[in-house]
Every structure is written in C-alpha cells, then in structure tokens.
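Asker: Mind having a look at this structure? Questions to follow.
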Amino acid sequence: MDYGQEEAAARFGEDPRGYLTTTTKFEGDESGQVKAVHTVQIQWQKNDKGQFIPQPIPGTERVLPAQLVLLAMGFLGPEQPLLDALGVERDARSNVKADHEKYTTSIPGVFAAGDCRRGQSLVVWAFNEGRGVARECDRFLMGSTELP
Ligand SMILES: Cc1cc2nc3c(=O)[nH]c(=O)nc-3n(C[C@H](O)[C@H](O)[C@H](O)COP(=O)(O)OP(=O)(O)OC[C@H]3O[C@@H](n4cnc5c(N)ncnc54)[C@H](O)[C@@H]3O)c2cc1C
Numbered sequence: 003m004d005y006g007q008e009e010a011a012a013r014f015g016e017d018p019r020g021y022l023t024t025t026t027k028f029e030g031d032e033s034g035q036v037k038a039v040h041t042v043q044i045q046w047q048k049n050d051k052g053q054f055i056p057q058p059i060p061g062t063e064r065v066l067p068a069q070l071v072l073l074a075m076g077f078l079g080p081e082q083p084l085l086d087a088l089g090v091e092r093d094a095r096s097n098v099k100a101d102h103e104k105y106t107t108s109i110p111g112v113f114a115a116g117d118c119r120r121g122q123s124l125v126v127w128a129f130n131e132g133r134g135v136a137r138e139c140d141r142f143l144m145g146s147t148e149l150p
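Numbering (the numbering used here), first residue to last: 3 to 150.
Below, the structure is given as structure tokens:
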C-alpha cells in the first residue's frame, strides 16, 4: 500500500526517524553510562572547495534520553592514514584522485580503483574497476597487456 505522508502518520504514528540531524554530544551519568544524546539539525552548504559541509542550524538543539546508542555512519570516504603516508593526491571528496579506465594516481606505480577512487558505490563497479585496474597494473609492469 502506498499511503500519503498524512495518512501514514494517522495510521502508524509519526515517523520516529530524524533526518538532517547530527549528534553534538553524548551525555553520561555518574557511572559513565550514556543517558542522553545531544543533537542539532543541519543544512548542507558548499564550501570554497565545492565540498558539501553540514552546517548546524542555531535554535534546533535537542537533548534525547538514551540508554543505548548504535552508530550507523555509512561511507565517509576512504581511510586517510595510508593515503597520507603515500602522499597520494585526493579529490574534493577525499577519494584517491585517479581516472576511470586509467586508475593511475599521482604516484607512478600506485593505482586506485573501487570505492576508494569513485566514492561509495556498487559491487558491479567494484568488479568493473577491479578488472580494469588489474589490466592497468599488467600494462605498467609488462609494457603491454592482453587483459580486457
Ligand atoms: C552496509 C553496506 C551495504 C551495501 N550494500 C550494497 C548492495 O546491496 N549492493 C551493491 O551493489 N553494493 C552495496 N554496497 C557497496 C559495495 O559493498 C561496495 O561498493 C564495494 O564493496 C566496494 O568494493 P571495493 O573493492 O572498492 O572496496 P571494499 O569492498 O571496501 O574493499 C576494500 C578492502 O581493502 C581493505 N583495506 C583497507 N585499508 C587497507 C590497508 N591499509 N591495508 C590492507 N587492506 C586494506 C579493506 O579491509 C577491504 O577488504 C554496500 C556497502 C555497504 C557498506
């Protein structure tokens, strides 16, 4: 059944999920157990690098009682320490900078493919890029390749 928003709320109650909201603080009790979550609503705004950055909306702060907190963060970009150690160039979304079908990074002999290159994506793209980057590694090492 496809209910409109108002009819769905009348039948099933208000949607308890909160969107465009970020946690600013976990509050603990005297024994260190969580007792509340502090939140604020956000809006997405572009910064001078063209990245979308969450901006808190003043006056929307809330304190929600909580005894258990589960974190479901989603994909926040590839982990940076290895990329920092290599000194490999990143794009504006913190992914490794490399072109599709080429996969070469700013460092010769270092290749990137899949989510760390294109950002959070799909398994089909992981297959596609995994095969492609194998081909380009082969070409780099052997001077030519017969891989598809
Ligand atoms: C919760 C969730 C649900 C998803 N559901 C779907 C779905 O239904 N359908 C779909 O198509 N896609 C889905 N995806 C996306 C899909 O899983 C990814 O796009 C895909 O796995 C990316 O493949 P990848 O090889 O690029 O990266 P990954 O699968 O992330 O592989 C990267 C590997 O590198 C390893 N690694 C990282 N750092 C290091 C290091 N320093 N040294 C050695 N190893 C390292 C990691 O341990 C990992 O094994 C989902 C993703 C998530 C997180």
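Positions of the beta carbon are idealized from the N, C-alpha and C atoms, including for glycine.
Every value quoted in this text rests on a predicted model; they were computed, and no experiment measured them.
(1) Does the distance between the C-beta of F14 and the nearest non-hydrogen atom of ligand 1 fall short of 7 Å?
(2) Who are the near neighbours of Q45 in its chain, counting only those whose CB is closer than 8 Å to its CB and skipping five residues on each side?
(3) Is any heavy atom of ligand 1 found at a distance shorter than 7 Å from the C-beta of D101?
(4) Tell me the rounded alpha-carbon separation between P67 and R95.
(5) With hydrogens ignored, establish whether the beta-carbon of S33 is closer than 7 Å to any heavy atom of ligand 1.
(6) With a CB to CB cut of under 8 Å and the five nearest residues on each side skipped, what residues in its chain are close to V36?
(7) Measuring CB to CB, does C139 end up less than 8 Å from P80?
(8) Identify the continuous beta strand (DSSP E) that holds L66 and give its terminal residues.
(9) For A115, count neighbouring C-beta atoms within 10 Å of its own C-beta (all shown protein chains included) and say buried if the count is 16 or more, exposed if not.
(10) Could you tell me whether any non-hydrogen atom of ligand 1 is closer than 7 Å to the CB of S146?
(11) Roughly how many angstroms lie between the CA atoms of G134 and K48, to the nearest whole one?
(12) So is E131 buried or exposed if we call it buried at 16+ other beta carbons inside 10 Å?
Answerer: In brief:
(1) For F14, the distance from the CB to the nearest heavy atom of ligand 1 is not below 7 Å.
(2) Excluding residues within five positions, the ones whose Cβ falls inside 8 Å are L22, P56, Q57 and I59.
(3) With a threshold of 7 Å, the Cβ atom of D101 does not count as near ligand 1, since no heavy atom of the ligand is closer than that.
(4) Computed Cα separation, rounded: 34 Å.
(5) Here the distance from the Cβ of S33 to the nearest heavy atom of ligand 1 is not below 7 Å.
(6) Here the set comprises F28, E29, G30, A68, Q69, L70 and V71.
(7) Result no, Cβ atoms of C139 and P80 do not sit closer than 8 Å.
(8) That run of the beta strand (DSSP E) goes R64 to P67.
(9) By the 10 Å Cβ count, A115 comes out buried.
(10) No; taking the cut-off as 7 Å, the Cβ of S146 has no heavy atom of ligand 1 nearer than that.
(11) Rounded to whole angstroms, the gap between the alpha carbons of G134 and K48 is 33 Å.
(12) Buried: at least 16 other Cβ atoms inside 10 Å.
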